[in-house]
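**Student:** The following block contains the structure, expressed as structure tokens.
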Amino acid sequence: MSETRRGTIAVTGASGFIGTHLTRALRDAGWTVRALVRSTSELDRLRARGYEVALADVRDRPSLAAGLAGCLAAIHLVAIIRESGSATYESVNRQGTANVAAAAKTAGVDRLVHLSALGAGPSSTRYLASRWAGEEEVRRSGIRHVIFRPSFIMGPGGGAAQQFAAVVRYGPWYPFQLMAGGGRLFGSLAALTPVIPVLGSGRTRFMPVDRGDVFDAVLQSLERADVLGETFEIGGPDVVTYDQIMDAVARVLRLRRGKIHLPPAPAGMFVRLFKLLPNPPITLDEFETLLIDNVCDNTTVVRTFRLRLRPFVESLHEALRGD
């Protein structure tokens, strides 16, 4: 760990999967970290890691202004993949991002680094369109900024890799395991029906990216003037289909699993029925997003930040270590 503090970086969503790893990387690089969190339950845990902590909600601009005061830069991570109650794509992904950008500018923050999502665009699914709208709010705010659009980020302790592992481990019993718990019971049932239900063809392409590669670019962007105002797409070095991801996860977990593909029309019917569950395994918008290729050209981000992207299988092994 660096012994010299380099300034204070505020991080929204500091207690989430990405935030937990990124704040550690910032601290180890010598930055003072100010964790902006919504819940008081996280305060002691984050303070124990040596972070400054501020209570702030992206839907409450005054709390953001207070939390951002005195910070050199801010990294905005908060976003939702699925809506719940008042936490909508509009209120969190667009307006929440607008609030962060406006509060950061008012507080005199030098720059805002915004993590969006690969595939963000005005004509995409509702989720991806909301991420695009958030980007536009950052651009319109007038604050100096850098925007990253990562593919799904791989790392231990959560995220896409853990979700894929649950799908592989529990197979057709995954929705019931989410609803009732009982991992051992449903794992035993899955061993009797060792198949993975795949919604769609399984040929949709993705570029899973290692957390370390994303963090390398993010940390550089805090100090470089030549990347200000830019938007960078970043995926891993390997293009893999959904089927290939499932097969790779099964190998890492040492499970023998076949696959059953449901065409989009009947798969969509099942997804609509899942809405009746208290904790659906997938929403309609998530399903529609999974049917769209999520790939990019890494040339610019690799050249700009001199990245050496970690291979998918290597990253997956680390993400699922101990599972």
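Be aware that the sequence shown starts at -15, since it is given in this note's numbering, and climbs by one per residue. Glycine is no exception: its CB is placed at the ideal position from the N, C-alpha and C atoms.
Less than 8 Å between C-beta atoms, sequence neighbours within five positions excluded: which residues of the same chain meet that for S(-14)?
**Tutor:** Because S(-14) carries a pLDDT of 42, less than 50, the predicted location of this residue cannot be relied on, and no value is offered for it.
**Student:** In three-state DSSP terms, what is K243?
**Tutor:** Three-state DSSP puts K243 in a strand.
**Student:** Should E74 be labelled buried (16 or more other beta-carbon atoms within 10 Å of its own) or exposed?
**Tutor:** Burial call: exposed.
**Student:** Considering only C-alpha positions, which residue in the set G143, A145, A175, G213 is nearest to G155?
**Tutor:** Checked all of G143, A145, A175, G213; the closest Cα to G155 is A175.
**Student:** What alpha helix (DSSP H) runs, 4 residues minimum, are completely inside the segment 104 to 176?
**Tutor:** You should have 110 to 125, 143 to 154, 158 to 164, 167 to 176.
**Student:** Please give me, in chain order, every unbroken run of the beta strand (DSSP E) with length at least 3 that falls completely inside the segment -15 to 33.
**Tutor:** Listed in chain order, they are -8 to -4, 16 to 21.
**Student:** Report the rounded CA-to-CA distance for A85 versus L39, giving the unit in angstroms.
**Tutor:** Cα to Cα, the separation comes out at about 17 Å.
**Student:** Between the C-alpha atoms of A201 and S185, what's the straight-line distance to the nearest angstrom?
**Tutor:** Taking the straight line joining both Cα atoms gives about 33 Å.
**Student:** For E67, which three-state DSSP category applies?
**Tutor:** Coil.
**Student:** Quick one: Cα of R(-10) to Cα of V17, how far?
**Tutor:** Approximately 10 Å between the Cα atoms of the pair.
**Student:** Let me confirm a value: S68 is counted as buried when at least 16 other C-beta atoms fall within 10 Å, else exposed. Which label applies?
**Tutor:** S68 should be labelled exposed.
**Student:** Is E121 buried or exposed, if buried means 16 or more other CB atoms sit within 10 Å of its CB?
**Tutor:** Buried, since its Cβ has 16 or more Cβ neighbours within 10 Å.
**Student:** Is the beta carbon of L183 sitting closer than 8 Å to the one on F258?
**Tutor:** No, they are not a contact pair.
**Student:** Nearest-angstrom Cα distance between I180 and L300?
**Tutor:** One C-alpha to the other measures close to 18 Å.
**Student:** In terms of residue numbering, what span does the alpha helix (DSSP H) encompassing R45 cover?
**Tutor:** It spans 45 to 52 - the alpha helix (DSSP H) in which R45 sits, taken as one unbroken run.
**Student:** Under 6 Å Cβ to Cβ from L10, same chain only, skipping five residues before and after it: list those, please.
**Tutor:** The answer, listed in chain order, is I(-7), V17.
**Student:** Using the DSSP secondary-structure output, state which residues sit across from L96 in a beta bridge.
**Tutor:** Paired residues: A58, H129.
**Student:** Quick check: is any heavy atom of the ligand ZN less than 7 Å from the C-beta of T225?
**Tutor:** The ligand ZN is not among the ligands present in this structure, which contains no ligands whatsoever.
**Student:** Could you tell me whether the Cβ atoms of D197 and R305 are closer together than 8 Å?
**Tutor:** No.
**Student:** Which residue marks the beginning of the alpha helix (DSSP H) containing A82, and which one marks its end?
**Tutor:** First-last of the alpha helix (DSSP H) with A82: 79 to 90.
**Student:** For R153, which option in P247, E217, T177 has the closest C-alpha, if you only look at C-alpha atoms?
**Tutor:** R153 has its Cα closest to that of T177, out of P247, E217, T177.
**Student:** According to DSSP, what are the bridge partners of R189?
**Tutor:** In the DSSP output, where bridge partners are listed per residue, R189 has T225.
**Student:** Give the straight-line distance between the Cα atoms of V211 and G242, rounded to the nearest whole angstrom.
**Tutor:** So the two alpha carbons sit approximately 45 Å from each other.
**Student:** Among A32, E36, A150, whose alpha-carbon lies nearest the alpha-carbon of L20?
**Tutor:** Looking at the Cα atoms, E36 is the closest of the given residues.
**Student:** Measure how close the beta-carbons of G219 and M191 come, nearest whole angstrom, since I'm counting them as under 8 Å.
**Tutor:** Correct: roughly 3 Å between the Cβ atoms.
**Student:** Using a Cβ-Cβ cutoff of less than 8 Å, which residues in the same chain neighbour F199 once the five nearest sequence positions on both sides are dropped?
**Tutor:** Contacts found: H5, L6, A9.
**Student:** Near L112, which residues of its chain fall below 7 Å by C-beta distance, leaving aside the five closest residues on each side in sequence?
**Tutor:** Counting only Cβ-Cβ distances below 7 Å, and skipping sequence neighbours, we find A101, G103, A104, G105, T273.
**Student:** My output table needs one value for L260: the three-state DSSP class, helix, strand or coil.
**Tutor:** Looking at L260 - three-state DSSP - the assignment turns out to be coil, as it is neither helix nor strand.
**Student:** Would you mind reading off the limits of the alpha helix (DSSP H) that contains L300?
**Tutor:** Its alpha helix (DSSP H) spans residues 296 to 303.
**Student:** So what does DSSP say about E270, is it helix, strand or coil?
**Tutor:** It is helical.
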